[in-house]
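Trainee: The structure's right below; bear with me while I get my questions together.
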Amino acid sequence: MDAASRRAFLGFATNALAAAAIGAAGTRLVGVAQAMPIDPDLGRVDKPTDVTQAQWGPPQQPGWGPPQQPGWGPPSRPGWRPPPPRRRRRWVCWWHRGRRHCGWRWR
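So for the sequence shown, the working numbering puts the first residue at 1; every next one is plus one.
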């Protein structure tokens, strides 16, 4: 019979703590789930719904140019782009083939 090692005991203790934490979280979630109201007619499919579809985005008008992209705001100007991000030089050090190299790098 093998003597219990410190590593085996610590592994057992870690697993026990994890199981206790999961059990505590599970009991908390079960209590929250029991407090939530449930629709009594949840499985009924034949009843009509009084829900209207939501309208979003700009209106689509036939014959008035290309279709607009969905979303809000004015259409973008053709040929306009945001400016490119600025590049900076930084003094950095890095490892290459086991040696440390330092110098200016673009970022």
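Beta carbons are placed, not taken as given, at the ideal position from N, Cα and C, and that holds for glycine.
Using only the alpha-carbon positions, how far apart do Cys-102 and Phe-9 sit?
Mentor: Walking along the sequence shown from the start, residue 102 turns up at place 102. Walking along the sequence shown from the start, residue 9 turns up at place 9. Between Cys-102 and Phe-9, the C-alpha separation is close to 47 Å.
Trainee: For Trp-80, report the span of its beta strand (DSSP E) as first-last.
Mentor: Taking the sequence shown and counting its residues from 1, the one referred to as residue 80 is at position 80. Segment: none, Trp-80 is in no beta strand (DSSP E) and carries neither H nor E.
Trainee: Would you list the residues sitting across from Gly-103 in a DSSP beta bridge?
Mentor: Counting from one through the sequence shown, the residue named residue 103 turns up at place 103. Val-92.
Trainee: Assuming contact is defined by CB atoms lying nearer than 7 Å, are Arg-86 and Arg-107 in contact in what I supplied?
Mentor: Position 86 of the sequence shown holds residue 86. Position 107 of the sequence shown holds residue 107. Taking 7 Å as the Cβ cut-off, Arg-86 and Arg-107 do not qualify as a contacting pair.
Trainee: What did DSSP end up calling Trp-98 once you bin it into helix, strand or coil?
Mentor: Reading the sequence shown from its first residue, position 98 is the one you call residue 98. Just to set this straight, residue 98 is Gly in the shown sequence, not Trp. The answer is coil: DSSP assigns Gly-98 none of H, G, I, E or B.
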